[in-house]
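Written out below as structure tokens is the structure these notes cover.
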Amino acid sequence: MISRVINEKDIDKVRNLLVGSDKIVITCHLTPDGDAIGSSLGLMHTLNAIGKNAVVVTPDLVPKSLQFLPGVKDTLAFTRHEEYVTRLLAEADLVFCLDFNESRRVDRMEPALLASKAPKVMIDHHLYPGDFADVIISHPEASSTSMLVFRVLCRLELFDRIDRRAAECIFTGMMTDTGNFSYNSNEPDLYTVIAELLRKGIDKDALYQRACNTFSESSLRLNGYALSEKMQIFPDHRCSLITLDENELARFNYEKGDTEGLVNRPLAMPEVVWSIYLRRDPNQIKISMRSKGQFPVNKVCSELFGGGGHLNAAGAEFKGSLRECVDILIQAMPAYDKYLPKTKNK
Numbered sequence: 015m016i017s018r019v020i021n022e023k024d025i026d027k028v029r030n031l032l033v034g035s036d037k038i039v040i041t042c043h044l045t046p047d048g049d050a051i052g053s054s055l056g057l058m059h060t061l062n063a064i065g066k067n068a069v070v071v072t073p074d075l076v077p078k079s080l081q082f083l084p085g086v087k088d089t090l091a092f093t094r095h096e097e098y099v100t101r102l103l104a105e106a107d108l109v110f111c112l113d114f115n116e117s118r119r120v121d122r123m124e125p126a127l128l129a130s131k132a133p134k135v136m137i138d139h140h141l142y143p144g145d146f147a148d149v150i151i152s153h154p155e156a157s158s159t160s161m162l163v164f165r166v167l168c169r170l171e172l173f174d175r176i177d178r179r180a181a182e183c184i185f186t187g188m189m190t191d192t193g194n195f196s197y198n199s200n201e202p203d204l205y206t207v208i209a210e211l212l213r214k215g216i217d218k219d220a221l222y223q224r225a226c227n228t229f230s231e232s233s234l235r236l237n238g239y240a241l242s243e244k245m246q247i248f249p250d251h252r253c254s255l256i257t258l259d260e261n262e263l264a265r266f267n268y269e270k271g272d273t274e275g276l277v278n279r280p281l282a283m284p285e286v287v288w289s290i291y292l293r294r295d296p297n298q299i300k301i302s303m304r305s306k307g308q309f310p311v312n313k314v315c316s317e318l319f320g321g322g323g324h325l326n327a328a329g330a331e332f333k334g335s336l337r338e339c340v341d342i343l344i345q346a347m348p349a350y351d352k353y354l355p356k357t358k359n360k
């Protein structure tokens, strides 16, 4: 039996909105990860199964590492189809905003999203939700937005309409947002949901292989280079730092998703409590952080760069140079030593 965590009034609001809606747009945050696209596609498949016309639009392209998900070929990226996506949002009866808490997280698509007169439903697990949505289902304690979407569908009495395709998408979101259930994954209900998804016919092992353990030769070489040549360790602060600039990415023919999971690798060392990965993207530095135990990388991302996330997994963007970003982090490290464990792991 899965516990009820979502307010019944919010479920009733979503139910009533669905009754009067046919054209439904589902969207997620910029640079969609497994949870963002998994929750979106899982919801899309289920809503289409009850006769709705649901479509997933993304601010930019889905990484190639997630292209195997059923339905991903039908998603529309704003960066590729700006005029069409803008029209879909303008004509929508209902918009679901998944896995983001502020409208700015959809980047260049924000004006089109906010201009849409359709009611908006936010389903998210990040702290401090904004007020742009009409219905806000926000549970930062949840391990993933995919888990919340599953709960919402069950509360809407749509469990029987979740087919294998939807289940694969939802499971992939749950798996990737917990590092294959290695952090933020002690909630007993999580494993009850996994059992139900298995009964829907998913192949858990195959999904792990495709989402978390499939790499091109150039991706493997890039990750090897990053760990061998670019990883710095700061023993006094029990921190690791990896940076990759545009020239290094080009050298290894970088494609979006090639360094997925790289930020987690240094945490395999007992002496490292928190890990930072900085990647030079066009017009900004992409910041990813991961941690062990109670070290709050979400606080670091929020206080230094206006980002956010969860205790052990957070991120942000920085508009300056890579060198400036590194300097800010190194100078700030001593201020966060107070969150380190009192004794080092042996």
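In short: position in the sequence shown from 1, add 14, done, that's the numbering used here.
By construction, the Cβ of each residue, glycine as well, lies at the ideal position given by its N, Cα and C atoms.
Please say whether residue j and residue i have beta carbons closer to each other than 7 Å?
i: valine 39; j: valine 109; result: yes
i: serine 305; j: tryptophan 288; result: yes
i: aspartate 351; j: histidine 251; result: yes
i: threonine 100; j: aspartate 74; result: no
i: aspartate 49; j: threonine 159; result: yes
i: arginine 175; j: threonine 60; result: yes
i: asparagine 67; j: aspartate 36; result: yes
i: isoleucine 299; j: phenylalanine 266; result: no
i: threonine 186; j: leucine 211; result: no
i: serine 254; j: proline 284; result: no
i: proline 84; j: arginine 179; result: yes
i: phenylalanine 146; j: histidine 43; result: no
i: isoleucine 216; j: glutamate 269; result: no
i: isoleucine 51; j: valine 76; result: yes
i: alanine 106; j: serine 130; result: yes
i: serine 199; j: serine 157; result: yes
i: serine 54; j: leucine 102; result: no
Is residue i helix, strand or coil when you go by DSSP?
i: glutamine 345; result: helix
i: isoleucine 293; result: Reading the sequence as shown, one finds arginine at residue 293 and not isoleucine. It is a strand residue.
i: phenylalanine 319; result: helix
i: threonine 257; result: strand
i: asparagine 67; result: strand
i: threonine 60; result: helix
i: arginine 235; result: helix
i: phenylalanine 248; result: strand
i: threonine 72; result: strand
i: lysine 360; result: Summary for lysine 360: the model assigns pLDDT 42, below 50, so the residue's position carries little reliability; its value from the coordinates is reported in the next sentence. Residue state, collapsed to three classes: coil.
i: methionine 136; result: strand
i: valine 149; result: strand
i: lysine 270; result: coil
i: valine 364; result: Nothing can be reported for residue 364, as the shown portion of the chain is limited to 15 through 360.
i: leucine 281; result: helix
i: leucine 90; result: strand
i: aspartate 49; result: helix
i: arginine 18; result: coil
i: aspartate 351; result: helix
i: valine 340; result: helix
i: leucine 80; result: helix
i: serine 54; result: helix
i: glutamate 262; result: helix
i: phenylalanine 173; result: helix
Which term fits residue i, buried or exposed, when burial requires 16 or more other beta carbons within 10 angstroms of its beta carbon?
i: threonine 257; result: buried
i: lysine 23; result: exposed
i: alanine 346; result: exposed
i: phenylalanine 173; result: exposed
i: tyrosine 197; result: buried
i: proline 249; result: exposed
i: isoleucine 247; result: exposed
i: alanine 291; result: First, the amino acid is wrong: residue 291 is tyrosine here, not alanine. Classification of tyrosine 291: buried, given that the 10 Å Cβ count is 16 or more.
i: glycine 56; result: buried
i: alanine 264; result: exposed
i: arginine 293; result: buried
i: asparagine 359; result: Legend: pLDDT at asparagine 359 = 48, less than 50; position of this residue unreliable, value from coordinates given subsequently. Asparagine 359 comes out exposed.
i: alanine 282; result: exposed
i: asparagine 30; result: exposed
i: threonine 228; result: exposed
i: alanine 330; result: buried
Should residue i be listed as close to the ligand FMN, given that the test is whether its C-beta is under 6 Å from any heavy atom?
i: lysine 37; result: As for the ligand FMN, it is missing from this structure, which has no ligand bound.
Please list the terminal residues of the continuous alpha helix (DSSP H) segment that includes residue i.
i: alanine 180; result: 178-190
i: isoleucine 25; result: 22-33
i: serine 242; result: Careful: serine 242 lies outside any alpha helix (DSSP H) and carries neither H nor E.
i: lysine 218; result: 218-226
i: valine 207; result: 202-213
i: threonine 100; result: 96-105
i: cysteine 159; result: Residue 159 is actually threonine in this sequence, not cysteine. Here the alpha helix (DSSP H) through threonine 159 covers 159-169.
i: glutamate 116; result: Per DSSP, glutamate 116 belongs to no alpha helix (DSSP H) and is neither H nor E.
i: proline 125; result: 124-129
For residue i, report the span of its beta strand (DSSP E) as first-last.
i: glutamate 331; result: 327-332
i: phenylalanine 195; result: Run containing phenylalanine 195: none; DSSP gives neither H nor E here.
i: leucine 112; result: 108-112
i: serine 302; result: 298-305
i: lysine 37; result: 37-41
- Taking contact to mean at least 3 C-beta pairs separated by less than 8 Å, is the region 124-144 in contact with the region 199-217? no
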